[in-house]
Amino acid sequence: NAGVMQNPRHLVRRRGQEARLRCSPMKGHSHVYWYRQLPEEGLKFMVYLQKENIIDESGMPKERFSAEFPKEGPSILRIQQVVRGDSAAYFCASSGGVRSSYNEQFFGPGTRLTVL
Amino acid sequence: DQQVKQNSPSLSVQEGRISILNCDYTNSMFDYFLWYKKYPAEGPTFLISISSIKDKNEDGRFTVFLNKSAKHLSLHIVPSQPGDSAVYFCAAREGYDRGSTLGRLYFGRGTQLTVWP
C-alpha cells in the first residue's frame, strides 16, 4: 500500500515565478492537508481539503496561494509570484481511509521549495 | 500564538536509558494528541497517539502520558536506541470542529533527540 506521494521533492524558482506542488494521498484516503515548515520551526497548517471541496483554509495566506483537490488526480498547492519568504518545506498529509484510523494523518516526504 | 509548546529543543540520552520528551498545550479544546518522529529530508512519521479520555497509551517501547489538568503530555521511550535519534514533534487536534473529527493539527517546534552508544 503506497504511502503519501509528493512531487517534486525539490523545486527551485526565481522570484515572481509560479510553484506547483503535487500530492497524491494514500490509497483510500479522501482527506488531504497541507502544512508548511520554515527553518527551525514546527509544521504550520495551511489548508484542509476533501475531493472537490476546501474544508478549512484558515492557515493559507490570502494572496498568491491556492489549493485544490479535484475529483480525479492529485491535490495541488499553487503559489503564484513566489518571494524568498516562501522558501520552506511543504508537507502533505492524508487521512480518513476506510481501513485506517480517522484520527491519524500520514505525511508525505515533502517538497522543498527554494526561491532564488 | 504557539498553542503547542515543546520547550526543550534538544535531548541527549545514552543507549538503553529512558528518553522523556515533554509537551505543553494551552488550548482546552484539544481532544486528541499525537507524536511524530522526523528524520532530515523526510516527512514526519506517525508514532503514537492518545485521546483526551485516556491518561496513558502504550505501544512497545513508546508510552504517552496525558495530564489534562496540567495540559501536559510526555513521550517515554524505553529503552532508547541509536535509531531513535530524530526530531520528535508533539501535535494536537481540536475536537469536533465544524462537525468534523478530521481537523487540522497544531504542532510544537520539535525536540531533537540524540541517543548515543
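Same order as they appear, the protein sequences are chains A and R. Taking this note's numbering, I'd label the letters of the first sequence as residues 974 to 1089. Taking this note's numbering, I'd label the letters of the second sequence as residues 143 to 259. We put the CB at the ideal spot given by N, CA and C, even for glycine.
Residue pairing by DSSP places Y230/R opposite K179/R, T253/R in a beta bridge.
In this structure, the alpha-carbon of T1087/A lies about 7 Å from that of A1061/A. What F1064/A touches in chain R, judged by beta-carbon distance under 8 Å, is G185, P186, going in chain order. Under DSSP, I1027/A takes part in a beta bridge, and its partners are L1022/A. Between G1001/A and chain R, the shortest Cβ-Cβ separation is not below 8 Å. Below the 8 Å Cβ cutoff, chain A contributes no neighbours of F172/R, its closest Cβ being approximately 12 Å away. Counting only residues of its own chain and dropping the five nearest sequence neighbours on each side, L176/R has a CB closer than 6 Å to the CB of S191, A233. Per DSSP, R1009/A is one residue of the beta strand (DSSP E) stretching across 1004-1010. The way I'd put it, the stretch 987-994 of chain A does touch the stretch 1048-1061 of chain A; three or more beta-carbon pairs between them come closer than 8 Å. Under the DSSP assignment, S1048/A falls in the beta strand (DSSP E) whose first and last residues are 1048-1052.
Excluding the 5 residues flanking it on each side, E1030/A has same chain C-beta neighbours closer than 8 Å at M1019, V1020, Y1021, A1040, in chain order. Flagged as an interface residue toward chain A: L247/R, by a C-beta distance shorter than 8 Å. Using a C-beta cut-off of 8 Å, the stretch 155-164 of chain R makes contact with the stretch 217-227 of chain R, since at least three inter-stretch Cβ pairs fall below that distance. G252/R and P186/R have their alpha carbons spaced roughly 11 Å apart.
Across the set G245/R, W258/R, P259/R, the C-alpha of G245/R shows the shortest separation from the C-alpha of F172/R. Close partners of P1082/A in chain R (Cβ separation under 7 Å): E184, G185. Contact between P221/R and R235/R does not hold, since their C-beta atoms are separated by about 30 Å, which reaches or exceeds 8 Å. Listed by position along chain R, the residues whose Cβ is nearer than 8 Å to that of E1014/A are R251.
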